[in-house]
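Student:
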Amino acid sequence: MTEQQYDIAIIGAGPGGYHAAVRAAQYGAKVALIEKKYIGGTCLNRGCIPTKALYASAHMIEKVEEAGEFGVEITDFKVDFAKAVDRKNKIVQELVEGIAALENAWKNDIFIGYGKINGGIPETGFEISIQSEDNRLINAKRIIIATGSSPALIPAFNIDHERILTSDDILDPNFKTIPKKLLIIGAGVIGCEFANIFNAFGSKVILLEYLPSPIATEEPMIVKQLQKKFQSLGIEINVSQNVLSVENTGSGVKATTCSASIPRDQVDSAEKFTFEADLCLVSIGRAKESKNIGLEEMGIKSDRGAIKVNPKTLKTDAEGIYAIGDVTGGLMLAHVAYHEADVAVANALASIGGFPVHEKTPDYNIVPATIFTSPNIGSVGLRRKVAKDQGIDVLMGQFPYQSLGKAKCMGKAEEIGFLMILAEKQTHKIIGASCIGVEASELIAEIALAMQHGLTVHDIGETIHSHPTISEMVLEAAEAVVGMAIHKKGRPIFH
Ligand code: FAD
Ligand code: NAI
Numbered sequence: 001m002t003e004q005q006y007d008i009a010i011i012g013a014g015p016g017g018y019h020a021a022v023r024a025a026q027y028g029a030k031v032a033l034i035e036k037k038y039i040g041g042t043c044l045n046r047g048c049i050p051t052k053a054l055y056a057s058a059h060m061i062e063k064v065e066e067a068g069e070f071g072v073e074i075t076d077f078k079v080d081f082a083k084a085v086d087r088k089n090k091i092v093q094e095l096v097e098g099i100a101a102l103e104n105a106w107k108n109d110i111f112i113g114y115g116k117i118n119g120g121i122p123e124t125g126f127e128i129s130i131q132s133e134d135n136r137l138i139n140a141k142r143i144i145i146a147t148g149s150s151p152a153l154i155p156a157f158n159i160d161h162e163r164i165l166t167s168d169d170i171l172d173p174n175f176k177t178i179p180k181k182l183l184i185i186g187a188g189v190i191g192c193e194f195a196n197i198f199n200a201f202g203s204k205v206i207l208l209e210y211l212p213s214p215i216a217t218e219e220p221m222i223v224k225q226l227q228k229k230f231q232s233l234g235i236e237i238n239v240s241q242n243v244l245s246v247e248n249t250g251s252g253v254k255a256t257t258c259s260a261s262i263p264r265d266q267v268d269s270a271e272k273f274t275f276e277a278d279l280c281l282v283s284i285g286r287a288k289e290s291k292n293i294g295l296e297e298m299g300i301k302s303d304r305g306a307i308k309v310n311p312k313t314l315k316t317d318a319e320g321i322y323a324i325g326d327v328t329g330g331l332m333l334a335h336v337a338y339h340e341a342d343v344a345v346a347n348a349l350a351s352i353g354g355f356p357v358h359e360k361t362p363d364y365n366i367v368p369a370t371i372f373t374s375p376n377i378g379s380v381g382l383r384r385k386v387a388k389d390q391g392i393d394v395l396m397g398q399f400p401y402q403s404l405g406k407a408k409c410m411g412k413a414e415e416i417g418f419l420m421i422l423a424e425k426q427t428h429k430i431i432g433a434s435c436i437g438v439e440a441s442e443l444i445a446e447i448a449l450a451m452q453h454g455l456t457v458h459d460i461g462e463t464i465h466s467h468p469t470i471s472e473m474v475l476e477a478a479e480a481v482v483g484m485a486i487h488k489k490g491r492p493i494f495h
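Residue numbering for the sequence shown follows our numbering, beginning at 1 and increasing consecutively.
#1: Pro-468 by DSSP, collapsed to three states: which one?
#2: In terms of DSSP beta bridges, what is Ala-277 paired with?
#3: Report yes if the C-beta of Tyr-55 is less than 7 Å from at least one heavy atom of the ligand NAI; otherwise report no.
#4: Which of the three DSSP states, helix, strand or coil, is assigned to Leu-395?
#5: What ranges does the alpha helix (DSSP H) occupy inside the region 134-206, keeping only unbroken runs of at least 4 residues that lie completely in it?
#6: Between which two residues does the beta strand (DSSP E) holding Asp-342 run?
#7: Applying the 10 Å Cβ sphere with the 16-neighbour rule, what's the burial state of Ser-203?
#8: I want to know whether the region 13-21 touches the region 36-47 - three or more CB-CB distances under 8 Å.
#9: Return yes when the Cβ of Lys-291 is within less than 8 Å of the Cβ of Ala-306, no when it is not.
#10: When DSSP labels each residue in this structure, what does Phe-77 get in the three-state scheme?
#11: Cα-Cα, which of Leu-443, Leu-244, Gln-266 is closest to Ala-156?
#12: Taking buried to mean at least 16 other C-beta atoms within 10 Å of its own C-beta, is Asp-169 buried or exposed?
#13: What residue range does the beta strand (DSSP E) around Glu-446 cover?
#14: Less than 8 Å separating the beta-carbons of Ala-407 and Ser-374?
#15: Under 8 Å, do Leu-422 and Met-396 count as touching if we go by C-beta distance?
#16: Please check the pair Leu-95 and Val-22, which I expect to be a contact at CB under 8 Å, by giving their CB distance rounded to whole angstroms.
#17: Cβ atoms of Ala-440 and Thr-328: under 8 Å apart, would you say?
#18: For Ala-334, verify whether its CB is less than 7 Å away from any heavy atom of the ligand FAD.
#19: Identify the continuous alpha helix (DSSP H) that holds Met-420 and give its terminal residues.
#20: Using the Cα positions of Met-60 and Ala-187, report the straight-line distance between them to the nearest angstrom.
#21: For Thr-256 and Thr-274, which I take to be in contact (beta-carbon distance under 8 Å), what is that distance rounded to the nearest angstrom?
#22: Which residues does DSSP pair with Ala-287 in a beta bridge?
#23: I want to check one thing, is the minimum distance from the CB of Ala-448 to the heavy atoms of the ligand FAD below 7 Å?
#24: Could you tell me if Arg-286 is buried or exposed, where buried requires 16 or more neighbouring beta carbons within 10 angstroms of its beta carbon?
#25: Just to confirm the assignment, what range does the beta strand (DSSP E) spanning Leu-244 have?
#26: Does the Cβ-Cβ distance between Ile-34 and Ala-9 come in under 8 Å?
#27: Helix, strand or coil for Tyr-55? Go by DSSP, reduced to three states.
#28: Can you look up Glu-236 in the DSSP assignment and give me helix, strand or coil?
#29: What distance in whole Å lies between the Cβ atoms of Ile-300 and Gly-115, which are believed to be in contact at a cut-off of 8 Å?
#30: Could you check which residue in Glu-472, His-428, Gly-437, Met-473 has the C-alpha nearest to that of Gly-454?
#31: Per DSSP, what are the beta-bridge partners of Pro-356 in this structure?
#32: What does a CB cutoff of less than 7 Å around Leu-382 pick up in its chain, not counting 5 residues either side in sequence?
#33: Alpha carbon to alpha carbon, how far is Thr-51 from Gly-461? Give it in angstroms, no decimals.
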């Protein structure tokens, strides 16, 4: 029998789901939030937060190693991965509890169990079953699906969660071993972030990447800088590798590859290469979590698991049901899920009527992103190649960290890298930026705000930036676009 009635039911309590639940409650809606595993989803439990906690430990090691230059002699120090993991677990636990407390403060009902849409229409509401020890049925006028993603499992890679692992396994609260040698398949965002972390804790890291370049979506100059840093740290990147198999040998792992340029029908006779290590992390992308949640019953289409939504409304094929976040297969970032949560909540409540909110449309033109390697990589807006492909005439300005007083004061690691800003040639409006270096993630935020408001490089140049700060990188790079950076010689362009 159907029990409680809600304005909105949200399936999945990751960044998309928990954010949607709070936002809906702020507008006065009665909200049910359904979660099968852990509040906070991938991001808080097996993604953004635990990786950044471990990254902070890795960064600490890097700083301790250069302490001597600062006049601080640390003659002997020990790294303790188990302790770093305990710290990470504590941070995760505190944040998860914080989210649960927030939902409670907004009087949202949290149901722990597996959510599935059984049927219904907007006029009468939808029936949702929640499978758990005490199975429940609820009714909601609107539904937001925010079921997220999980590591892609490829049969040939024999992921056994013992020696051949996913990021979920490595971020498990009980994973406390540093392998002597770690093989990472996939030099994308996850692969590169973990390479950095394990290298700092003393592992010999070997990356295998199918494409000719790691993190291939970033600016080639940025990638080159990262490769240089990885090389100096002893992290090995093997590109253009077609990984044919991975096996657990009992005492370690063995991967067999051939060149990615070999056509599929000639792989058998191709020259093979083997890579051995103690453990293997497979990080080759993520699968969407959309099975058995009632899509077929409701006539909701998906493509290889990614729920299809109207790009303007985030509505699925079923009236009254919306989908957001990783499960829609767009940009798999927590802040994109947050943004989509705002849009879906607004559209769902506006369609019910009586709530103080209007319809919204998502805007993906300005999505900042960061790769938390050391140094960080931050980007927003267009890359040079994309701008060229779109026929946009661009001006490019670059500024190196080594010319910045604050970076020099901070240390050797902080002197590495540069910020590159792209502006439209005619208008000098900022259309993109890429950065590798300390606080790249924070610098990109200022540029994102400038882009959101259609600002030009001159608008940034005329804004006083505090000295000496890392944020002066933005000022100098913006002025460099028109050859007017003070601390770098350029060829002035007058507007
Ligand atoms: P998820 O976070 O996956 O949450 C979905 C939730 O739905 C899960 O809790 C799941 O248990 C639940 N669920 C699924 N099916 C059901 C069901 N039938 N019933 C009930 N509940 C269900 N992004 C960033 O922006 N910055 C980062 O630094 C970053 N680092 C990352 C590091 C790693 C290692 C990984 C794997 C990802 C990282 N991401 C990062 C990506 C980020 O975690 C995701 O984009 C984000 O979590 C997506 O949010 P979501 O709400 O769509 O899905
Ligand atoms: P990804 O798409 O970033 O990288 C996967 C890499 O694996 C690619 O370089 C790809 O070419 C390679 N690959 C695919 N198949 C392969 C094969 N068979 N053999 C060898 N290489 C292969 O995916 P990843 O790293 O798994 O991350 C998933 C998502 O999580 C990303 O889309 C990202 O948005 C998100 N994420 C975001 C972070 C952040 O914002 N800092 C951190 C970590 C993850």
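Note that the Cβ used here is the ideal one computed from N, Cα and C, for glycine as well.
As the structure is a computational prediction, the values presented were derived from the model and not from experiment.
Tutor: On the basis of the data shown:
#1: coil
#2: Val-253
#3: Taking non-hydrogen atoms of the ligand NAI into account, the C-beta of Tyr-55 is found less than 7 Å away from none of them.
#4: Leu-395 falls in the strand class under three-state DSSP.
#5: 167-170, 189-200
#6: Counting along the chain, Asp-342 falls outside any beta strand (DSSP E), though it belongs to the alpha helix (DSSP H) covering 334-352.
#7: buried
#8: yes
#9: Not a contact, by the Cβ cut-off of 8 Å.
#10: In the structure shown, Phe-77 sits in coil (DSSP, three-state: anything other than H, G, I, E or B).
#11: Leu-244
#12: buried
#13: Glu-446: not part of any beta strand (DSSP E); member of the alpha helix (DSSP H) spanning 440-452, first to last residue.
#14: Against a cut-off of 8 Å, the Cβ pair of Ser-374 and Ala-407 comes out as no contact.
#15: Yes, the pair counts as a contact, with Cβ atoms nearer than the cut-off.
#16: Rounded, the Cβ-Cβ distance is 14 Å, inconsistent with contact.
#17: no
#18: yes
#19: No alpha helix (DSSP H) contains Met-420, which is instead part of the beta strand (DSSP E) from 418-424.
#20: 23 Å
#21: 5 Å
#22: Ser-150
#23: no
#24: buried
#25: Note, Leu-244: beta strand (DSSP E), 241-248.
#26: yes
#27: helix
#28: In the three-state reduction of the DSSP assignment, Glu-236 falls in the strand class.
#29: Their Cβ separation, rounded to whole angstroms, is 14 Å, which puts Gly-115 and Ile-300 out of contact at 8 Å.
#30: His-428
#31: In the DSSP output, where bridge partners are listed per residue, Pro-356 has none listed.
#32: Leu-422, Ile-431, Gly-432
#33: 35 Å
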